[in-house]
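What the sequence shown shows, in my numbering, is residues 43 to 552, in sequence order.
So the structure is just underneath, and the comments pick up after that.
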Amino acid sequence: MAGNTSDKLQQLRQILAEVTDLNRAALVLEWDQETYMPPGGVQGRAEQLATLLRLSHVMFTGADVGRLLDGLEDELSSAPFDSDEASIVRVTRRDYDQARKLPPDLVAEIARAGSVARPVWEKARRDEDFNLFAPYLAKNVELNRRIADALGYRDRPYDALIDRSEPGMTTKQLTAIFAELKEAIVPLVAGIARNADAVDDSVLYRGFDPDLQVSYALDVVKRLGYDLERGRQDISTHPFSTGFGPGDVRITTRVSRDFFNECLFGSIHESGHAMYNQGMSAEIDRTPLWDGASPGVHESQSRLWENLVGRSLPFWRHFYPSLRKAFPEPLTGVDEEAFYRAVNRSHPSFIRVEADEVTYNLHVLLRFELENELLEGKLEVKDVPEAWNARFKSYVGLDVPNDREGALQDIHWSFVSFGIFPGYTIGNLVSAQLMEKIRADIPDLDAQVEKGQFAALLGWLRKNVHRHGRKFTPDELLERATGKPLTAAPWIAYVRKKFGALYGLQAVRS
Ligand code: ZN
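Below, the structure is given as structure tokens:
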């Protein structure tokens, strides 16, 4: 490589490193806001975040970055597509062009709106009072629309927002995927409803000591491969994971005495996210490549560990004896197979994050539709609860009793985030698509899991997914890892087989 090129690359990497530091400092402040900050800190924190993110935006979108990118694109035109150099330049260019289209004032306004709306959303949710939150959601809709306008789009405003989080995806593609899923899920849900008694999950509500649950969950995720020398777990209202660099990737969880799934599966889910970040190559640290390929691909890692591993029979064959030792009273008279069945009960429910694997994507479909309609002015904010409840009834078959269990349940609409929800469904599909290939590459995976051995699985993910960070788009990553772009077929086959067996429905076809 010419000295000239490495000079420019070094200059670019220096700027990107400082931008990354500012962004990570903002993430630390956000983590603190969700875990330990007293209520009085809200206003000050909003200002701090706005300042940090404005500085990072100004630094990243400066003329220096543009000039260095121009030069490096010429000089690295023959570098391999998947090399760190070419990838840093390619992904930085994509981010740079998008960021340049967003005026700094808009960026600061987005950050401020999020911090101010968060506590209002929390109060509105607690009080089941959508009207309290409505003006803040209206502001967020307006800001989402301004982002879409600033970025530009060919077909629908949502295209600008989805491409921003899931590069390469369009509203049209997603509409087709959701239609395919709906066609497969609806008959499955109906079949399960006919045999609802086949699975009993009453054991999950027998009362589990909360402190013990938190420490048990932490022990499990440690054994899956979450590295606590470079991580920690705390409690928050809405569980999340956040990474400040390879040496510090944290998770949060929440715990309920009366519902077992919340803490353990929440922790496994977040550790799946965290192991992704912990597995990213050190060479791409402090660059835009040090992150998930997309929120959807990030979600594939959490879902893979939570559902395809954590809700499998081999997993419980391994962990059930220790769980029973930790909670002898509530687990009296329940064997591992019964417990496996309990944690997999499919049952229409109101809360997305508690939804079972079968109905989950219907929750996402609802949000995908409402966000599109809000953005295009086909739905007014004040009518959101009514639209939510009507659609929920038609998709999931339940009457929503209040806004806490309806339109106010997700933290996402308390900040400017349209276009993120489809990532959850993409995550489910990607997890099954990867697992199909993993099973081909590691034929004795189930036997390993049953012995509590997760190193080969984690190693496969590190090699094929984690280390690359954002180097590839979701479809590029899937092509390289599985030989195919995104497809719903493996996920549909997976839920049909698993839930067909659980509910005695072997004959279910769409
Ligand atoms: Zn997640």
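The beta carbon of each residue, even a glycine, is placed where N, CA and C say it ideally should be.
Quick caveat, the model's predicted, so the values are computed rather than measured.
Under 6 Å, CB to any heavy atom of the ligand ZN. Which residues pass, going along the chain? Any residue whose Cβ sits closer than 6 Å to a heavy atom of the ligand ZN makes the list: His311, His315, Glu341 and Ser344.
What's the C-alpha gap between Ala498 and His508? Roughly 14 Å separates the two Cα atoms.
Test item: CB-CB of Ala92 and Arg154 under 8 Å: yes
Can you name the start and end residues of the alpha helix (DSSP H) that Arg265 belongs to? Here the alpha helix (DSSP H) through Arg265 covers Pro252 to Leu266.
What's the C-alpha gap between Gly108 and Tyr138? 8 Å
Quick one: what does DSSP say Gln275 is sitting in, helix, strand or coil? strand
What does DSSP give as the partner residue(s) for Thr134 in the beta ladder? According to DSSP, Thr134 bridges with nothing at all.
Specify, as a first and last residue, the run of the beta strand (DSSP E) that Ser283 falls within. Ser283 to Gly285
Considering only DSSP beta bridges, list what Arg292 is partnered with. Thr284
Kindly indicate which three-state DSSP category Ile453 falls into: helix, strand or coil? coil
Which residue wins for smallest C-alpha separation from Phe220, given the options Gly546, Leu528 and Asn319? Nearest C-alpha to Phe220: Leu528.
Can Ile468 and Gly338 be called in contact, C-beta distance under 8 Å? yes
Check whether the stretch 292-312 touches the stretch 346-355, taking contact to mean three or more Cβ pairs, one atom from each stretch, closer than 8 Å. yes
Which residue wins for smallest C-alpha separation from Val149, given the options Tyr200, Leu118 and Asn65? Asn65
Just to check my reading of the structure: Met317 and Leu519 have Cβ atoms closer than 8 Å, yes? What is that Cβ distance to the nearest angstrom? Contact flag wrong, Cβ pair sits at about 16 Å.
Same chain only: Cβ atoms within 7 Å of Tyr382, ignoring 5 sequence neighbours per side: Within its own chain, the residues whose Cβ lies closer than 7 Å to the Cβ of Tyr382, once the five positions on either side in sequence are excluded, are Leu355 and Trp358, listed in chain order.
Quick check on DSSP: helix, strand or coil for Asn349? helix
Burial state of Asn583, where buried means 16 or more other Cβ atoms lie within 10 Å: What is shown of the chain runs 43 to 552, which leaves residue 583 out entirely.
Met477 - DSSP class collapsed to helix/strand/coil: helix
Say whether the stretch 129-143 touches the stretch 74-85, bearing in mind that this needs 3 or more beta-carbon pairs closer than 8 Å, one atom from each stretch. Contact between the stretch 129-143 and the stretch 74-85 is absent: fewer than three C-beta pairs spanning the two stretches fall below 8 Å.
Let me check understanding here. Comparing Cα to Cα, which of Ala368, Thr134, Gly525 and Ala235 lies closest to Gly546? Ala235
Under a three-way DSSP split, which group does Ile484 fall into? coil
Is the stretch 319-330 close to the stretch 356-375, with three or more CB pairs under 8 Å? no
Do you know whose CA, among Pro464, Asp425, Ala121 and Arg296, lies nearest Pro281's CA? The residue with the shortest Cα to Cα distance from Pro281 is Arg296.
If you pair each beta-carbon of the stretch 250-262 with each one of the stretch 446-454, do three or more pairs fall below 8 Å? no
Counting only the same chain and skipping the five closest in sequence on each side, list residues whose C-beta sits under 6 Å from that of Ala535. none
Evaluate Glu76 with the Cβ neighbour count: other Cβ atoms within 10 Å of its Cβ, from every protein chain shown; 16 or more gives buried, anything less gives exposed. buried
Starting from Leu111 and walking both ways along the alpha helix (DSSP H), at which residues does that stretch end? Ala105 to Glu117
According to DSSP, is Thr62 helix, strand or coil? helix
DSSP on Gln53, reduced to helix/strand/coil? helix
Reference Glu60, options Thr103, Gln90, Pro81 and Gly334, closest by Cα: Among Thr103, Gln90, Pro81 and Gly334, the Cα nearest to that of Glu60 belongs to Thr103.
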